[in-house]
Amino acid sequence: MIDHLGINCSDWAQSQEFYDKVLHVLGYSRQMDMGSAVGYGREGKPAFWIADAAAGDASGTNREVHIAFAAKDAEGVQAFYHTALALGAEPLHAPRLWPEYHPGYYGAFVRDPDGNNVEAVFHGASPA
9 MIDHLGINCS DWAQSQEFYD KVLHVLGYSR QMDMGSAVGY GREGKPAFWI
59 ADAAAGDASG TNREVHIAFA AKDAEGVQAF YHTALALGAE PLHAPRLWPE
109 YHPGYYGAFV RDPDGNNVEA VFHGASPA
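Residue numbering for the sequence shown follows my numbering, beginning at 9 and increasing consecutively.
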């Protein structure tokens, strides 16, 4: 059900040190480092993300939580997106491939009624 989850951290340096160490003892490590966000997991797949709360458009404020739900295919991602919009969700990113994450990463993002960044993702999409 849940593909990955992300939280925002107010003390970026301390949070990186904390999660590097506590997740290491559980067998997890940094899988991606995007500067103001770090993804932890195993075998090349980040499942837990931390982000610098001072970075981005909402710097200095309590930013949203990010949660991504696994879709069984690209059509599921599209259905998620269109259903959310029909329910009044704010569109963040329409369904598309996100090759900067990995080849085949197909996702769509909306803001839920409480302002959280909610995504549906399918990992096996083919480039058009």
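Even glycine gets a Cβ: it sits at the ideal position worked out from N, Cα and C.
If you compare the alpha carbons of Y113, P107 and F56 with that of K80, the shortest gap goes to Y113.
Closest in alpha carbon position to G123, among A102, T91, I75 and P103, is I75. By the neighbour-count definition (other C-beta atoms within 10 Å, threshold 16), V30 is an exposed residue. Per the coordinates, the alpha-carbon of H131 lies some 16 angstroms from the alpha-carbon of A87. Between A116 and A102, the gap from beta carbon to beta carbon is short of 8 angstroms. In this structure, the beta-carbon distance from A55 to H12 falls below 8 angstroms. Excluding five sequence positions before and after K53, the CB atoms of its chain that fall closer than 7 angstroms to its own CB belong to Q39, given in chain order. I58 sits buried, since 16 or more C-beta atoms from the chains shown fall within 10 Å of its C-beta. When DSSP states are grouped into helix, strand and coil, G35 belongs to the coil group. For V118, the uninterrupted beta strand (DSSP E) run begins and ends at Y114 to R119, by DSSP.
A133 is classed as buried because its beta carbon has at least 16 other beta carbons within 10 Å across all chains shown. Straight across, the Cα-Cα distance linking V73 with G47 is about 14 angstroms.
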